[in-house]
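Sequential numbering from 12 applies to the sequence shown in the numbering used here.
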Amino acid sequence: MSLPLRTQYLGSLVADPAVGELVSGNWWYNSSDREFKFFNGEIISLFGGTYSKTVYVPGEAFGRPNTNPPNVVDQDNLTLYSFTLNTDDMTFKLKIPSDYYSGGFTLYLVWTNDGGTDDNGKNVKWQLNYQVGGEGDVIAGSHVNSPKTAEDTYTSALGWVEHHTPTANIAEADFTGKLCVFLRIRAITPSGTALTSEPHLIGLCLTYTARRYPT
């Protein structure tokens, strides 16, 4: 059976042939219909399209620069990173995910305090600088639409309570055709009353629109 144009094979078949022969058991992605299909003697549309995917990046996956790295803090089952305001940095190379489909990246940071109980109603502000890169690009400096910031309030009279910042967005146009987004995170002076302690980074969550692949 011949396949229509604009069909992309998955698995062991050659990518993007104009025509081809299906063998029973083959999966493929039909880019016209944006559906994954399966052949077992007849073409069956199983599922397709896209979905919103969230990926968690733990703090220990980030780089600690030689200059002004945050202090490492061990708290029971978790490693945290304590930031001196306006000074300490962490970096991360975000590869454009292989299942990325379209749209921008939405990010938020996961953070807490130093365990003190006097931070209720006090604030932290995180700054996210970024640059994009691919073969032949200069990676120095930051993107013209950088930085992004997110201010958050500690809302508990207990210590070590996990908080999630408001989201920040990196537009699709900023990284279209690129291979990586290079991130740099810093805690800066908030608009409101700052935490009594240094803010502690736990990790980062990234949400994007992904292709739905068969499993």
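Quick reminder that beta carbons are idealized off the backbone N, C-alpha and C, glycines included.
Just confirm the distance between the C-beta atoms of residue i and residue j, as a whole number of angstroms; I'd bet it's less than 8 Å.
i, j, result
"Ala205", "Ala179", "Contact flag wrong, Cβ pair sits at about 20 Å."
"Gly170", "Gly126", "4 Å"
"Asn124", "Pro210", "7 Å"
"Asp129", "His154", "At roughly 38 Å, the Cβ-Cβ gap does not stay under 8 Å, so Asp129 and His154 are not in contact."
"Glu71", "Thr102", "Actually they do not touch by this definition, with Cβ atoms about 13 Å apart."
"Gly144", "Phe73", "Not quite, the Cβ-Cβ distance comes to about 17 Å (not below 8 Å), so this is no contact."
"His175", "Tyr112", "About 24 Å; that fails the 8 Å criterion."
According to DSSP, residue i sits in a beta bridge with which residue or residues?
i, result
"Trp137", "Ala161, Ala198"
"Ile181", "Phe116"
"Val121", "His175, Gly214"
"Phe73", "DSSP output for Phe73 lists no bridge partner at all."
"Gly132", "Note: Gly132 sits in no beta bridge, so no partner."
What does the Cβ neighbour count give for residue i, buried or exposed, with the cut at 16 atoms within 10 Å?
i, result
"Tyr92", "buried"
"Thr207", "exposed"
"Val238", "Outside the shown range of the chain (12 to 226) lies residue 238, about which nothing can therefore be said."
"Tyr219", "buried"
"Thr78", "exposed"
"Pro81", "buried"
"Leu215", "buried"
"Leu190", "exposed"
"Asn234", "For residue 234 there is no data in the structure shown, the boundaries of the chain being 12 and 226."
Residue i lies in the beta strand (DSSP E); which residues open and close that run?
i, result
"Val155", "First-last for Val155: undefined, no H or E at that position."
"Thr90", "89–93"
"Ala221", "211–222"
"Val66", "61–69"
"Asp85", "82–86"
"Leu169", "Segment: none, Leu169 is in no beta strand (DSSP E) and carries neither H nor E."
"Lys189", "Segment: none, Lys189 is in no beta strand (DSSP E) and carries neither H nor E."
"Phe103", "101–106"
Determine the contact status of residue i and residue j, defining contact as a CB-CB distance below 8 Å.
i, j, result
"Ala221", "Lys64", "yes"
"Leu212", "Trp122", "yes"
"Ile199", "Phe116", "no"
"Asn140", "Ser157", "yes"
"Asp100", "Arg223", "no"
"Thr164", "Gly132", "yes"
"Arg197", "Gln142", "no"
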